[in-house]
Amino acid sequence: MLTISVNGKMREVNSSQDTPLLYVLRDELDVASPQFGCGLAQCGACSVLLDGQEVRSCIVSVSQAAGKEVVTIEGLPERWAKQKNLPSAETTALLHPVQEAWIEQQVPQCGFCQSGMMIKATELLESRPKPTVDEIKAAFTTSGPSPHLCRCGTYIAIVEAVRYASILMTKGEA
Amino acid sequence: MEQLLEALTADVYGAKLTRRGFVKAGGTLVVGFGLLRGGVARAAVRADGNAFDASLPQSWIEIRPDNTVLYRTGKSDFGQGTIYTAYRQIIADELDVTFEAITTVVSADTDTTPEGGGTFGLLGEGTPNIRKAAAYTRQALMQLASQHLGVPKDQLKTIDGVVYGGGKQVSYGELVKGQNLQLSIPVTGDLTSIFGLRITGDPPLKPASEMKVVGKSYKNSNISSKVMAEEIWVTNVKLPNMQHGRVVHPGTLGSHLVEAGKLDRTKFPNTQLMVKGDLVAVVAPTEWEAVMASWQVAGTTKWTEWKGLPGKDKAYDYLRNQSDWKAAPVARGRKNKGDATAAMKASAKKLEATYRLPYWKHAPIGPTLAVADYKVDGSVTVHTHTQNAQALRGQIAMMLGTSLDKVVVKTYSGSGHYGRSNGGNAGAEDEAVILSKELGKPVRVQWMRNDEMQWSTQSPIAFSDVRIGLDANGKIAGYEIDHFMPAFQDDRMIGAVIAGLPTMDAPSEKGRILNSISNGASDIWLYDTVANLDERAHGTYQIGQKSSPMAIGLRDHSMRTPGQFQQNFPREMALSEAAALASADPLQFRIDHAKDERLITVLKRLKQESAWETRPTPAPKATGSSTGVVRGHGVSAMLRSGTYWGCACEVSVTPATGAVKVDKYTIVVDPGIVVNPEQLKRQVEGGAMMGLSIALHEEVPFNESAITAQDWLSYPILTMAEIPEFKVVLLHNPEVGTMGQGSEAANALGASAVASAVFDATGKPMRQIPLRPAYVKKMLDARNSDTNKVPPNHDEYNDSTKPKTGTPAPSDV
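Residue numbers (my numbering), protein chains in the order written: chain U, 1 to 174; chain A, 1001 to 1813.
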């Protein structure tokens, strides 16, 4: 049996070690925000953070996640709370600024790709708090194994939301 | 009690208000439809797959004693957000309550929602129903208030859920408290048809000037629940004992099964192989085992050979020369007039051109998925993501040879698929039902990415021949167009077809609205000064449908603006070419040929908002052989379901490579009443970006046997790096009512503007999309006499300007 850390909690896994992390999260651990899109790392619908780096959970086996920290959008509020020394998100209605921005800017349409989009945005903003529009476009297009695809065409809204989240996250900083 | 009930039976503009009794706690006013028209047929599945309801659905609107409101709709959400925003706003205004008072939206389950119908044209088609339901309800509440307050109804007024009159007041909630009230409103139509039920009668509606909630940018509650990971997606549905199914689809679009592959039981001990007719599938308790077992079985399953398709490179030749265009009647444009042929003969300058549009996939990011739970009593519940739950219910009942009351369809959030399931199914639903019935357990079927690309329906291929004659003043004297497109609405359930089970008839000349092979003149003519106009639309069978031993071939289905995109592109591109013949500015050329004031307003505003430089097209320095970058601008216009659109864009073209970059995009839209500006703006942006994707990239590759796209590399779509500077201008026009059409028309509008901008930049007409570099290069290099013959003949997507993608194979896992 394998134990992996998901959104700050240690979870025991019964699935075979070669099972893609995506199926383990969704089917066994009921962490359902990453979606199956292609199974080929070509779309980004299944993205999660693995030790802070965006990976495609459809091609990462669960054994590769052992000893590392898996974060999905369910875990973003707590991640933000820890980073900012705020009271635990479990006892407050806290949202990660990326989530706040996604709501404020009314980004999702069908929303199927948006969990992966928010994961990508979080990865970007943690390393680059004030990205330019070109840096945002590059992050979602060329930085990973494939572009993050949205069929509803919400790319414009995503750019605006990342900029909005950047403002929220850098508030009060020089 | 009897007397009281009688006393409270009242006629409300043709609806019937009754008090069913008193209750100790709670109380509601429920607005449903009664059997006023009498004789509702029950549980009979008709030959075309449609049926009246078996068990009466629930109410449209419920007024609760705490003064909150619940509303139900048979429509679902496919990312438009309309049922959570615009519908709520329209109901709030018509009912005279606040937006926040409508606390609950129940949608698209066949056992709990009224009206049915497809999720399309939500505002234009759907607004009359919800407005009338709310208007009847408000009148019924005023009726109750009149009795309660002892004030004549005509002396009452309503504000934010309270009725005032004679110096007294009572809230809606107080009026229903402790009572069980039913308002039965008159309806007509067919619950499981593509259009569903329509509310009849004429309750008094509020004028636009009295609307307070409509017109404001309320947020979509469904977005919050998705962002906070609280949404229940169809992908999350889990049932006790549920098995994971994967289908091994046939080797070609015309193959029968020879022999199902042997399942390796040592590797997949918990998997079962299932065969029904030509349908091969595996089911397993875990998803990964099902996936791997399906790959193993697929590798050894044998299919009959079939080569009945022309292949992509010969598709347009095949369509023109080998398709039977006499099988369906020719449809004529509604505005046809004069004698276009005679006008053409007398014209000094003429344009004769052929325009081509390929097959596109709906290409949802998530493949089709359904969970079916077939019970021993012969009932089945299907959990899925569909645009028309009632129609799917009718189709499943037909496949099982059972009555409608045995089938329930539950709808959840899922990956948008843009029209593919407006007739009921998206692909996996029937397969899940077949497997669940055979296995006696709930089965979840999710297609893999290759199934999604190769076995789903697509938007049909099309071409158009245009002839335009100009008079001595450079005005259009005559316009003739022939549109050619195969049947575009094949709603047969593919699993049922493969398994040999009953499903609706394939498209044919005998077909009706959902399975006709006729084409219609669906792009409304806009340029009313043209005296001689002849528009004709020709339909035929789908390619491969008749030659496939399985009657499959390339199945088509409506996508966003079915038929209209395919007719608007040739018309608008030809208009820009005609402007060039007249040495005119293409935007002013359109204004000069228009009479409709709404169109003229949109185009004039477009000129201003896009900072349009008025000059003849092509650009003075246009060239298709420069070594640098050339720039141009283009324009297009469209009328769809009462909404007027104008689009202008600017492009940069690199003639050496054929690369096209769209720099700036401006859309002006007059949709009548703008119900929710922010939501409409987002819908227009999204639709336009998908349209840009179609204009630049999309084309379904196929050989003589099958669709050869398998993934996002072989069917590329737009990426974020390609988005242009974008501007949407909303023209609120309350006098004309609510027309809607946010993302659909925005999707169709842009391709001709982009193509005409490339023409403007290079002087070479772009008569087909997608504008992939290799195609653009070919069109730039074509001699003028060959412009109509440029063959669409390359299969590999070798656009070096597109971001590189390195894709690990599944075996890397």
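Quick reminder that beta carbons are idealized off the backbone N, C-alpha and C, glycines included.
Could you check which residue in the options has the C-alpha nearest to that of residue i?
{"i": "Y1644 (chain A)", "options": "A:Y1527, A:V1629 and A:I1365", "result": "A:Y1527"}
{"i": "P1204 (chain A)", "options": "A:K1168, A:N1241, A:H1256 and A:A1133", "result": "A:A1133"}
{"i": "H1362 (chain A)", "options": "U:T92, U:F140 and U:C152", "result": "U:C152"}
{"i": "I1083 (chain A)", "options": "A:G1740, A:N1788 and A:I1524", "result": "A:G1740"}
{"i": "E173 (chain U)", "options": "U:H148, U:E104 and U:K84", "result": "U:K84"}
{"i": "T1301 (chain A)", "options": "A:E1609, A:Q1458, A:V1163 and A:V1282", "result": "A:V1282"}
{"i": "Q1608 (chain A)", "options": "A:Q1768, A:T1341 and A:V1729", "result": "A:V1729"}
{"i": "G1742 (chain A)", "options": "A:S1785, A:S1641, A:F1759 and A:M1779", "result": "A:S1641"}
{"i": "G1215 (chain A)", "options": "A:P1765, A:H1697 and A:N1676", "result": "A:N1676"}
{"i": "V55 (chain U)", "options": "U:E160, U:T170 and U:P145", "result": "U:P145"}
{"i": "K137 (chain U)", "options": "U:Y155, U:R11, U:V70 and U:Q17", "result": "U:Y155"}
{"i": "L1514 (chain A)", "options": "A:G1424, A:G1299 and A:H1483", "result": "A:G1424"}
Can you say whether residue i is buried or exposed, counting buried as having 16 or more other CB atoms within 10 angstroms of its CB?
{"i": "A1108 (chain A)", "result": "buried"}
{"i": "P1701 (chain A)", "result": "buried"}
{"i": "R1064 (chain A)", "result": "buried"}
{"i": "F197 (chain U)", "result": "Nothing about residue 197 (chain U) can be read from this structure; chain U reaches only from 1 to 174."}
{"i": "F1022 (chain A)", "result": "exposed"}
{"i": "P108 (chain U)", "result": "buried"}
{"i": "S1583 (chain A)", "result": "exposed"}
{"i": "R1783 (chain A)", "result": "exposed"}
{"i": "P1269 (chain A)", "result": "exposed"}
{"i": "A157 (chain U)", "result": "buried"}
{"i": "H148 (chain U)", "result": "buried"}
{"i": "H1732 (chain A)", "result": "exposed"}
{"i": "N1241 (chain A)", "result": "exposed"}
{"i": "D1491 (chain A)", "result": "buried"}
{"i": "M1399 (chain A)", "result": "buried"}
Grab me the residues of residue i's own chain with a C-beta within less than 8 Å of its C-beta, minus the 5 sequence neighbours each way, in chain order.
{"i": "L168 (chain U)", "result": "P97, E100 and A101"}
{"i": "S115 (chain U)", "result": "S33, P34, Q35, A45, S47, T72 and I73"}
{"i": "S166 (chain U)", "result": "L125, P129, K130 and P131"}
{"i": "H1256 (chain A)", "result": "P1250, D1278, W1303, T1304, P1549 and M1550"}
{"i": "V1814 (chain A)", "result": "Past the boundaries of the shown model lies residue 1814 (chain A); chain A is included only from 1001 to 1813, so the question cannot be answered."}
Could you pull out every residue in the same chain whose Cβ sits closer than 6 Å to the Cβ of residue i, ignoring the five residues on either side in sequence?
{"i": "P1186 (chain A)", "result": "G1014, L1036, T1200 and G1201"}
{"i": "E1352 (chain A)", "result": "R1467"}
{"i": "V1602 (chain A)", "result": "Y1644, G1646, V1668 and D1670"}
{"i": "A1757 (chain A)", "result": "G1632, H1633, G1634, C1649 and V1651"}
{"i": "S1456 (chain A)", "result": "G1427"}
{"i": "V1409 (chain A)", "result": "T1110, V1382, A1389, L1392 and R1393"}
{"i": "P1734 (chain A)", "result": "A1208 and I1673"}
{"i": "A1531 (chain A)", "result": "G1338"}
{"i": "A1140 (chain A)", "result": "V1012, L1017 and L1183"}
{"i": "Q17 (chain U)", "result": "S63"}
{"i": "G37 (chain U)", "result": "C43 and A45"}
I'd like to know whether the C-beta atoms of residue i and residue j end up nearer to each other than 8 Å.
{"i": "V1776 (chain A)", "j": "V1660 (chain A)", "result": "yes"}
{"i": "Q1679 (chain A)", "j": "A1086 (chain A)", "result": "yes"}
{"i": "P1442 (chain A)", "j": "V1371 (chain A)", "result": "yes"}
{"i": "V1176 (chain A)", "j": "L1029 (chain A)", "result": "yes"}
{"i": "H1593 (chain A)", "j": "I1476 (chain A)", "result": "yes"}
{"i": "L1253 (chain A)", "j": "S1714 (chain A)", "result": "no"}
{"i": "C110 (chain U)", "j": "F1463 (chain A)", "result": "no"}
{"i": "M1274 (chain A)", "j": "L1435 (chain A)", "result": "yes"}
{"i": "T1623 (chain A)", "j": "D1585 (chain A)", "result": "no"}
{"i": "Q1387 (chain A)", "j": "T1561 (chain A)", "result": "no"}
{"i": "T1750 (chain A)", "j": "A1688 (chain A)", "result": "Residue identity differs from the one stated: residue 1750 (chain A) is Gly in this sequence, not Thr. Taking 8 Å as the Cβ cut-off, G1750 (chain A) and A1688 (chain A) qualify as a contacting pair."}
{"i": "S1415 (chain A)", "j": "G1366 (chain A)", "result": "yes"}
{"i": "S57 (chain U)", "j": "L25 (chain U)", "result": "yes"}
Keeping to the same chain, check which residues put their C-beta closer than 7 Å to that of residue i; ignore five residues upstream and five downstream.
{"i": "Y996 (chain A)", "result": "Look at the range of chain A in this structure, 1001 to 1813, and you will see that residue 996 (chain A) is not part of it."}
{"i": "Y164 (chain U)", "result": "A101, E104 and Q105"}
Does chain B have any CB closer than 8 Å to the CB of residue i?
{"i": "A45 (chain U)", "result": "Any reference to chain B falls outside this structure, whose protein chains are U and A."}
Could you name each continuous alpha helix (DSSP H) segment of 4 residues or more that falls completely within the region 1348 to 1406 of chain A, going from the start of the chain to the end? 1389 to 1400
Segments assigned beta strand (DSSP E), at least 3 residues, entirely inside the region 1167 to 1200 of chain A: 1168 to 1171, 1179 to 1184, 1187 to 1190 and 1196 to 1199
Residue ranges of each alpha helix (DSSP H) within the region 1714 to 1798 of chain A, 4 or longer: 1742 to 1762 and 1773 to 1781
Which full runs of the alpha helix (DSSP H) of 4+ residues lie inside the region 1433 to 1458 of chain A, going along the chain? 1449 to 1455
Which complete alpha helix (DSSP H) runs does the region 1585 to 1614 of chain A hold, if anything under 4 residues is left out? 1586 to 1592 and 1597 to 1609
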